[in-house]
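If you're matching them up, the sequences are chains A and B in order.
Numbered per this note's numbering, the first sequence finishes at 269, counting up by one with no gaps.
Numbered per this note's numbering, the second sequence finishes at 1269, counting up by one with no gaps.
Built from N, CA and C at the ideal position, the CB exists for glycine as well.
These figures come from a predicted structure and were not determined experimentally.
Some notes on the structure that comes next.
2 protein chains.
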Amino acid sequence: MSSTTKTLELLAYFTPAQPEIGLSQLCRQAGRDKATTYRHLQALEDAGFVEQNPATKHYRLGPALLQLAQIREETVPRKAGAETVLDGLVDTTGETAHVSVLSGTTVYPLVSRESQHHSTRAIIDVQSFPLHATASGLCALAFGPSGLWPAAVARLQVFTGRTIATEDALRQTVEAVRHSGFGRSDRCYEDDIQGVSAPVFDQSGRFAGAVSVACVASRFSPSLEAKVKENLIEASRDITRNWGGTVPAEIEAAWATSLSRSNVLESTS
Amino acid sequence: MSSTTKTLELLAYFTPAQPEIGLSQLCRQAGRDKATTYRHLQALEDAGFVEQNPATKHYRLGPALLQLAQIREETVPRKAGAETVLDGLVDTTGETAHVSVLSGTTVYPLVSRESQHHSTRAIIDVQSFPLHATASGLCALAFGPSGLWPAAVARLQVFTGRTIATEDALRQTVEAVRHSGFGRSDRCYEDDIQGVSAPVFDQSGRFAGAVSVACVASRFSPSLEAKVKENLIEASRDITRNWGGTVPAEIEAAWATSLSRSNVLESTS
DNA sequence: AACGTCGGTTCAATATGTGAACCATATCAG
DNA sequence: CTGATATGGTTCACATATTGAACCGACGTT
């Protein structure tokens, strides 16, 4: 692992829950040497990626990130093109929703909106979505570049009692996702969360990310699932359009069969 | 220079004007070896700081920056607290205005707003404001921590025919800034730009940044200067309040004498 | 005053980063 | 078709930059 990678990994310890961290504490959390960590922080500070709170000497994320994020958003204006759609999705489903983007072999959160309808709700606070254990990740495996497969298999970390743990099981699940047009994570990543997601595409027609709804598992009824899926389809079409793409015909077809089957189920039950 | 610093410096080549860069081109611009640059980009890609446009293989800034910027803004919510004030400043002065923040020994741009009143106007598109050559930088030297002085003297780069080039001249200028309460850059950094700025303070009472107006030099009359200064005082007070601080009494006093003198000048001229 | 913790520094050992040369591929002119 | 010149990416011998145990001074508690 390069020294640069180790340095950049330090940034992941700065979260909304813990926005400022002292040197010693960061060493403990990262399991690194103090001298090394200090030098790493110096490098980050030189670049404006972290700064020190002058009062406490604790480190926090720096202002250079704002500039770079600004340029990123001007380059690939995805966040703006997802926000309003996400608001609508949260309104109609009453559940927490988020949009993630694929970059390299990692699925990153882009925007998330928490529902205000229920007192219990899902909170999205992760650095990246594991490919094998989240609805977004499964979408990426099913509809993204084939290069993701080895990356997923190499990191089959177990999060809950239901996490997919073998390559075979993963292959079957991904196949089901391809068939239905929806990613599903039934308490695979967090114990009480049911995730459902639909793929989103960009101007080149490639898989670009996913739009997802995270439901508290105890609330997840067949009727909620049907509603969520209907709205996800709309949301995926809208975001895809905003990102300059169109939903591939085979995805639309998968959604159509998938929905009609669940409608039959619905009406006969 | 650490390898990490060299790596992070690459990010500065991604600008709104040039948001995507190929490997070879980046090597040329940065004057680096291709293999090294490639590895550096790999490290940045692993961290999600850059990604490759799948079509062209060119690199562009990555999605991880958006997350980190979000956390930074939640930690130190300065951008939001400056935006509305800046809008007002642009409205009343009719010139481009911006807010910068000090982090370490560097003054970074935080937000800028271009005026729509004139067809010629200043464009703010820099990575950082040199301490000795810009109004914001001079404010930092005058009102910021004393540790900035050596950093400024070590980098007395000449930008225009009027750039301050000697330590003595800089000392005098900074003294004048302390006395007047305003930073001034009379075509020191760019040939046709007159910058005026006022310091902004944070909750700890320390110098935190500056709010500035950049005028096209040919338009910069004494009456415009007076108007700009009046509005800068208001803006500085407002942003300082939004950042949880209050303007120190000695700054207010400097402004008072500074303004009354120019008013006298104004009325007698 | 003894102790623990903090942020920060030193220096020998060596892991890590480096760049000239190389490859495969694509584009273009003749 | 062929040779020239781009591109992104890879290799390997070499040496330079990174590493961490031990250390320091400052601060706050006991």
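Delimiting residues of the alpha helix (DSSP H) encompassing residue i
{"i": "residue 27(A)", "result": "23–30"}
{"i": "residue 88(A)", "result": "78–93"}
{"i": "residue 44(A)", "result": "34–46"}
{"i": "residue 1005(B)", "result": "1003–1010"}
{"i": "residue 99(A)", "result": "Looking at the DSSP string, residue 99(A) is not in any alpha helix (DSSP H); the run it does join, the beta strand (DSSP E), is 96–103."}
{"i": "residue 223(A)", "result": "222–242"}
{"i": "residue 1052(B)", "result": "Looking at the DSSP string, residue 1052(B) is not in any alpha helix (DSSP H); the run it does join, the beta strand (DSSP E), is 1050–1052."}
{"i": "residue 1112(B)", "result": "From DSSP, residue 1112(B) is part of no alpha helix (DSSP H) but of the beta strand (DSSP E) over 1106–1113."}
{"i": "residue 150(A)", "result": "148–153"}
{"i": "residue 1136(B)", "result": "1135–1143"}
Closer than 7 Å: residue i CB and nearest the ligand FAD heavy atom
{"i": "residue 1075(B)", "result": "Within the structure as shown, the ligand FAD is missing, as the structure has no ligands at all."}
Bridge-paired residues (DSSP) for residue i
{"i": "residue 1181(B)", "result": "Beta-bridge pairing links residue 1181(B) to no other residue."}
{"i": "residue 1207(B)", "result": "1201(B)"}
{"i": "residue 215(A)", "result": "194(A)"}
{"i": "residue 18(A)", "result": "15(A)"}
{"i": "residue 1060(B)", "result": "1051(B)"}
{"i": "residue 1186(B)", "result": "1194(B)"}
Cβ separation of residue i and residue j, assumed to be a contact under 8 Å, to the nearest whole Å
{"i": "residue 213(A)", "j": "residue 93(A)", "result": "6 Å"}
{"i": "residue 1109(B)", "j": "residue 1126(B)", "result": "6 Å"}
{"i": "residue 65(A)", "j": "residue 49(A)", "result": "6 Å"}
{"i": "residue 1131(B)", "j": "residue 1142(B)", "result": "Not really, about 10 Å apart at Cβ, beyond 8 Å."}
{"i": "residue 1242(B)", "j": "residue 1081(B)", "result": "3 Å"}
{"i": "residue 196(A)", "j": "residue 207(A)", "result": "Actually they are not in contact, since the Cβ atoms of residue 196(A) and residue 207(A) sit about 17 Å apart, beyond 8 Å."}
{"i": "residue 135(A)", "j": "residue 180(A)", "result": "About 11 Å separates the two Cβ atoms, so there is no contact after all."}
{"i": "residue 58(A)", "j": "residue 22(A)", "result": "5 Å"}
{"i": "residue 1005(B)", "j": "residue 1040(B)", "result": "Their Cβ separation, rounded to whole angstroms, is 11 Å, which puts residue 1005(B) and residue 1040(B) out of contact at 8 Å."}
{"i": "residue 1203(B)", "j": "residue 1244(B)", "result": "3 Å"}
{"i": "residue 1217(B)", "j": "residue 1194(B)", "result": "5 Å"}
{"i": "residue 1069(B)", "j": "residue 69(A)", "result": "3 Å"}
{"i": "residue 1153(B)", "j": "residue 1167(B)", "result": "5 Å"}
{"i": "residue 1158(B)", "j": "residue 1128(B)", "result": "The Cβ separation is near 17 Å, so there is no contact."}
Beta-carbon proximity list for residue i, same chain, < 7 Å, skipping 5 on both sides
{"i": "residue 1267(B)", "result": "With a pLDDT of 49 at residue 1267(B), under the threshold of 50, the modelled position of that residue is not reliable, and the figure given next carries that caveat. There are no such residues."}
{"i": "residue 1224(B)", "result": "1215"}
{"i": "residue 233(A)", "result": "198, 255"}
{"i": "residue 191(A)", "result": "160"}
{"i": "residue 209(A)", "result": "99, 100, 101, 102, 110, 200"}
{"i": "residue 148(A)", "result": "105, 131, 140, 141"}
Chain-order list of residues whose beta-carbon lies under 6 Å from that of residue i (same chain, five-residue window excluded)
{"i": "residue 162(A)", "result": "187, 188"}
{"i": "residue 121(A)", "result": "96, 114, 115"}
{"i": "residue 235(A)", "result": "85, 89, 211"}
{"i": "residue 1003(B)", "result": "none"}
{"i": "residue 178(A)", "result": "142"}
{"i": "residue 251(A)", "result": "181"}
Same chain, Cβ closer than 8 Å to residue i, five either side skipped, listed in chain order
{"i": "residue 1269(B)", "result": "Confidence is the limiting factor: at residue 1269(B) the pLDDT is only 40, short of 50, which leaves the residue's position unreliable and the question unanswerable from this model."}
{"i": "residue 1246(B)", "result": "1201, 1205, 1240"}
{"i": "residue 155(A)", "result": "130, 131, 132"}
{"i": "residue 1071(B)", "result": "none"}
{"i": "residue 111(A)", "result": "79, 82, 83, 86, 98, 99"}
{"i": "residue 230(A)", "result": "259"}
{"i": "residue 164(A)", "result": "132, 133, 156, 170, 173, 188"}
{"i": "residue 1011(B)", "result": "1044, 1049, 1050, 1061"}
{"i": "residue 52(A)", "result": "45, 58, 59, 60"}
{"i": "residue 16(A)", "result": "125"}
{"i": "residue 1150(B)", "result": "none"}
{"i": "residue 1024(B)", "result": "1034"}
Exercise for the section: Answer yes if the region 1100–1107 of chain B comes into contact with the region 32–48 of chain A, meaning at least three C-beta pairs across the two stretches below 8 Å, and no otherwise. Expected result: yes
Practice task
Please confirm if the region 1032–1041 of chain B is in contact with the region 1065–1084 of chain B, defined as three or more CB-CB distances below 8 Å between the two stretches.
Solution key: no
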